[in-house]
Structures are given as structure tokens and as C-alpha cells.
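The sequence shown begins at 73 in our numbering and counts up one residue at a time.
The next block holds one structure in the form of C-alpha cells; read it before the comments.
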Amino acid sequence: MSVARERLALIVSEFTDLDSREKLELLLDFSNNLAVLPPEHALLASRSEHRVHECQTPVYLQIELDANQKVHLFADIAPEAPTVKGFVAILAGAFDGCSCDEVLGMQSNLLEQMGLADVLGILRS
Numbered sequence: 073m074s075v076a077r078e079r080l081a082l083i084v085s086e087f088t089d090l091d092s093r094e095k096l097e098l099l100l101d102f103s104n105n106l107a108v109l110p111p112e113h114a115l116l117a118s119r120s121e122h123r124v125h126e127c128q129t130p131v132y133l134q135i136e137l138d139a140n141q142k143v144h145l146f147a148d149i150a151p152e153a154p155t156v157k158g159f160v161a162i163l164a165g166a167f168d169g170c171s172c173d174e175v176l177g178m179q180s181n182l183l184e185q186m187g188l189a190d191v192l193g194i195l196r197s
């Protein structure tokens with residue numbers, strides 16, 4: 073099993089057997105874990121090429137590859153959107169240090185696996 077799959081499986085297991093309120097609380101806990109942008113990425117939110125246009129919440133992402141071709145995700149998300157921030161924090165933590173192939177090979181149904189699709193509503197899934 074890949075590193076990202078192992079990390080995500082552990083996170084999914086944390087959401088298992090929680091009711092809707094508890095799932096949201098856990099997601100909010102994850103939002104507190106999103107790393108503060110390092111100074112070299114401070115202009116991220118002002119650059120439209122980093123904006124995730126499909127998201128109603130202003131979300132700015134920058135993905136970098138290090139010298140070993142490992143992925144590092146940097147994000148800037150409005151503090152008024154803690155659920156979005158929590159989900160991005162989960163992705164950033166799961167994919168940090170993984171290869172591009174590993175990230176691209178992940179399934180896209182993570183919200184469903186975590187039981188959050190219904191909790192968050194159709195606009196966010």
C-alpha cells in the first residue's frame with residue numbers, strides 16, 4: 073500500500089462510526105492542522121493562477137516538487153471556510169512527500185469514504 077493510501081486509510085478510519093456532528097467536529101480539528109504559509113508563498117492568494125475556480129470558497133493552492141520529485145502542497149483558505157480548510161489539510165497531510173504518480177493514482181471519492189458527502193451537502197462534494 074502506498075504512503076498516501078495508508079495515510080488516507082487512517083484518516084478515513086477516524087471518521088468511521090461518528091455521527092454527522094462528530095464528523096464535522098473532526099473535520100474542523102483537521103482545519104487547525106493546515107500549515108501556515110511559509111513567507112516564500114505569502115503572495116499565493118493574490119495570484120489567480122493558483123485559485124481553485126471550481127470552489128465557491130476562495131481556495132489557493134500551489135503544488136511544488138522537491139529535488140526528489142516529491143509533492144508538497146501549500147494552501148491559503150479563508151478562515152470563514154473551516155470545513156474546506158479541514159479537507160484541504162487532510163489532502164495536504166496525506167500527499168506531502170509522495171510521488172506525483174501516487175497522488176494521481178488516488179481515488180476521487182474521499183468525501184464519500186469519510187462519510188462527509190451527505191454531511192457537507194451537494195455543493196461541496
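The C-beta atom is built at its ideal place from N, Cα and C for all residues, glycine as well.
Quantities reported herein were computed from a predicted structural model and do not represent experimental measurements.
Going by alpha carbons, who is nearest to residue 115 out of 76, 164, 179 and 147?
-> Residue 147 is the option with its Cα nearest to residue 115.
Can you find at least 3 beta carbon pairs, one from the region 73 to 80 and one from the region 157 to 169, that sit closer than 8 Å?
-> Verdict: yes, contact present.
Could you please give the first and the last residue of the uninterrupted beta strand (DSSP E) stretch that includes residue 148?
-> Looking at the DSSP string, the run of the beta strand (DSSP E) that includes residue 148 is 143 to 149.
Element boundaries [alpha helix (DSSP H), containing residue 134] = Taken as a continuous stretch (DSSP letters only), residue 134 belongs to no alpha helix (DSSP H), being part of the beta strand (DSSP E) at 131 to 137.
So what does DSSP say about residue 92, is it helix, strand or coil?
-> Note: residue 92 maps to helix in three-state DSSP.
Going by alpha carbons, who is nearest to residue 161 out of 110, 181 and 149?
-> Checking every option, the nearest Cα to that of residue 161 belongs to 149.
Could you give the distance in angstroms between the alpha-carbon of residue 159 and the alpha-carbon of residue 84?
-> Cα atoms of residue 159 and residue 84: separation of roughly 12 Å, rounded to the nearest angstrom.
By Cβ distance below 7 Å, which residues in the same chain neighbour residue 142 in space, the five residues on each side in sequence not counted?
-> The beta carbon of residue 142 sits closer than 7 Å to the beta carbons of 169, 170 and 171 from its chain, once the five residues preceding and following it are set aside; these are given in chain order.
Who does residue 171 pair with in a DSSP beta bridge?
-> For residue 171, which the question treats as bridged, DSSP gives the partners 142.
Residue 77, DSSP secondary structure in three states = Collapsing the DSSP output to three states places residue 77 in a helix.
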